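> Residue numbers (full-length UniProt numbering): 1 to 446.
All C-beta atoms in this analysis are idealised placements derived from N, C-alpha and C, irrespective of residue type, glycine included.
For clarity, every value in this text was computed on a predicted model and none was experimentally measured.
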Amino acid sequence: MPKPGFSSRRNFRPRYTFPAAGVRRATDGLFYLARPQNPCLLSSLNRRKFLALAGLPVVYAASLPAGVQLLGLEPADPLPGKHPGLTVLNDRPVNAETPAHLLNDKVTPAELMFVRNNGAVPRGLPELPTSLPGDWTLRIAGEAVPEPVTFTLEELQRRFTAHTYQLTLECGGNGRKEFSPPARGNQWSTGAVGCPKWTGVRLKDVLEAAGYDRKRAVYVGYYGKDTHLSGDPDKVVISRGVPIAKALEDESLIAWALNGKPLPLLNGYPLRLVFGGYPASCSGKWLSEIVVRDQVHDGEKMGGQSYRVPCEPVAPGTTVEDEDMCIILEMPVKSLITSPRTGAVVERGTPLSIAGHAWCGSSAVERMEYSIDFGSSWSRCQLAAPANRFAWQHFSARVNFPKPGYYEVWARATDTAGRSQPMVLPGWNPRGYLNNACHRIAVKVV
């Protein structure tokens, strides 16, 4: 079997020459033939690298209004500290996913954690952090807080008990690439998910210290220090949130560490929220303010079409009015085959070992199965217990194939409420959210 490779360091999907047996769906969905997500990306990065190396002056830079940032002059590498195998979907803002075969670790390494940004990374922060800025501040305010309270990061670490949980974060648009008609947004395949260990303080402990009003509290929202792509410092990039019940769960963290080290810059250094089981957009990065609201939070990207789906099922391609959309809360049950890499070739009579992860936004995964006959029959996998609530669960199995030829191995998870992954794309929605269809890999038996 020819070995897969990368056409460029970060800019294209892996290239495979393994035959897809004429199956177009497998070619698109399984083999990820090299295709730039942004045709201008490669030249853009090269141009930026040239400018950085040349050290060209910026004409009239001193005349720019206060607070305006030159977003075009960014580092040549848009993913500092990240594995070169990540696939860049966009460089402004930076968005990148991790190929499934690189997500085989039970605890996701920092360098393999996906990147989902809505604006520009705050200026003045180290690209590769090694320590925490103790003077970073977090303000607690809102209608349900009698008086605003401000904590420094050093105070958070000193005054409150630190907790570590392994929590799954997944972009609400993970799997958008499979929607037809196509849905607007970054065309994520399967890699906008990860489950590292997060360390921080419980959000509920901080809210209690701030004296929030339990009777008035309805929702918690956040603000971060990321910058709007227009460069306007007064424009909010994103300000989402969660119901107060979610905010008060033990596993809801204000985090400063990932796998025991400072957060990566692209994942929110030095401070962020982490709400396992909810869309990752709820877990605000570069955190500077939390508001406890007496209503559903109405910040940027809480309304309209953003992170919302039709309240009732609609036909593919339907135009849905904003008032008919509902906010995404818990993520659905889902699984991912991480080993072997799609396109595996095995000898007849040799069992194939498969492995991966399964997760669910509201409970645990109770059963994990695989199919080699396009869903006609299913066999059980071994399924490990989660490290804690909202952590993904590792599964494995040994698969036997009856004869030579082309196969697809499908994976299906079922949660404790009896909800299983669909074999095909679930309900279409305008922005391509919540795709939890069965993941599959291609295998050829020779």
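Compute the Euclidean distance between the alpha carbons of GLY119 and THR227, then round it to the nearest angstrom.
Reading the sequence shown from its first residue, position 119 is the one you call residue 119. Reading the sequence shown from its first residue, position 227 is the one you call residue 227. Roughly 5 Å between the two C-alpha positions.
> Going by the DSSP bridge assignment, what does SER396 pair with across the sheet?
Taking the first residue of the sequence shown as position 1, residue 396 is located at position 396. Its beta-bridge partners are ALA355 and GLN382.
> Can you tell which of SER306, LEU266 and LYS261 has the C-alpha that lies nearest to the C-alpha of CYS282?
By 1-based counting over the sequence shown, the position of residue 282 is 282. It is SER306.
> Would you list, in sequence order, the uninterrupted beta strand (DSSP E) runs of no fewer than 3 residues that lie entirely inside the region 262-332?
You should have 272-274, 287-293, 308-310 and 325-327.
> Taking DSSP as the reference, what is the three-state secondary structure of LEU112?
For the purposes of this step, residue 112 is identified with residue 112 of the sequence shown, where counting begins at 1. Residue state, collapsed to three classes: helix.
> Taking the C-alpha atoms as reference points, what is the distance between VAL121 and LYS225?
On the sequence shown, residue 121 is found 121 positions in, with the first residue counted as 1. On the sequence shown, residue 225 is found 225 positions in, with the first residue counted as 1. If you take the alpha carbons of VAL121 and LYS225, they lie about 8 Å apart.
> Expressed to the nearest angstrom, what Euclidean distance is found between the alpha-carbon atoms of ARG412 and THR152?
Position 412 of the sequence shown, counting from 1, holds the residue named residue 412. Position 152 of the sequence shown, counting from 1, holds the residue named residue 152. About 45 Å.
> What are the uninterrupted segments assigned as alpha helix (DSSP H) that are 4 or more residues long and contained completely in the region 97-170, given in chain order?
Counting only runs of 4 or more, we get 153-159.
> Tell me which residues share the same chain as GLU289 and place their Cβ nearer than 6 Å to its Cβ, disregarding the 5 neighbours each side in the sequence.
Against the sequence shown, residue 289 aligns to sequence position 289. Hits under 6 Å: ARG139 and TYR223.
> Pick out whichever of GLY172, PRO181, LEU169 and TRP136 has its Cα sitting closest to the Cα of THR319.
Translated into positions along the sequence shown, residue 319 becomes position 319. Nearest option by C-alpha distance: PRO181.
> Quick check: what's the CA-CA separation for ASN174 versus SER239?
Translated into positions along the sequence shown, residue 174 becomes position 174. Translated into positions along the sequence shown, residue 239 becomes position 239. One C-alpha to the other measures close to 20 Å.
> Could you tell me whether the region 161-178 touches the region 383-398, where touching means 3 or more Cβ pairs closer than 8 Å?
Yes, the region 161-178 is in contact with the region 383-398.
> If you reduce the DSSP assignment to three classes, tell me which class LYS204 lands in.
If you number the sequence shown from 1, residue 204 lands on position 204. Looking at LYS204 - three-state DSSP - the assignment turns out to be helix.
> Using only the alpha-carbon positions, how far apart do VAL443 and PHE401 sit?
Translated into the one-based positions of the sequence shown, residue 443 becomes position 443. Translated into the one-based positions of the sequence shown, residue 401 becomes position 401. Straight-line Cα distance between these residues: approximately 10 Å.
> Tell me the rounded alpha-carbon separation between ALA257 and GLU155.
As a first step, residue 257 must be located in the sequence shown, where it is residue number 257. As a first step, residue 155 must be located in the sequence shown, where it is residue number 155. So the two alpha carbons sit approximately 15 Å from each other.
> Quick check on PRO233: buried or exposed, where buried means 16 or more other Cβ atoms within 10 Å of its Cβ?
Start at 1 with the first residue of the sequence shown, and residue 233 comes out as number 233. Label assigned to PRO233: exposed.
> Quick one: grab the DSSP three-state call for ALA34.
The residue you call residue 34 lines up with position 34 of the sequence shown. In this prediction, ALA34 scores a pLDDT of 32, lower than 50, which makes its location untrustworthy; the coordinate-derived value is nonetheless stated afterwards. Correct three-state label for ALA34: coil.
> What residue does the beta strand (DSSP E) around LYS444 start on, and which one ends it?
The residue you call residue 444 lines up with position 444 of the sequence shown. It spans 439-445 - the beta strand (DSSP E) in which LYS444 sits, taken as one unbroken run.
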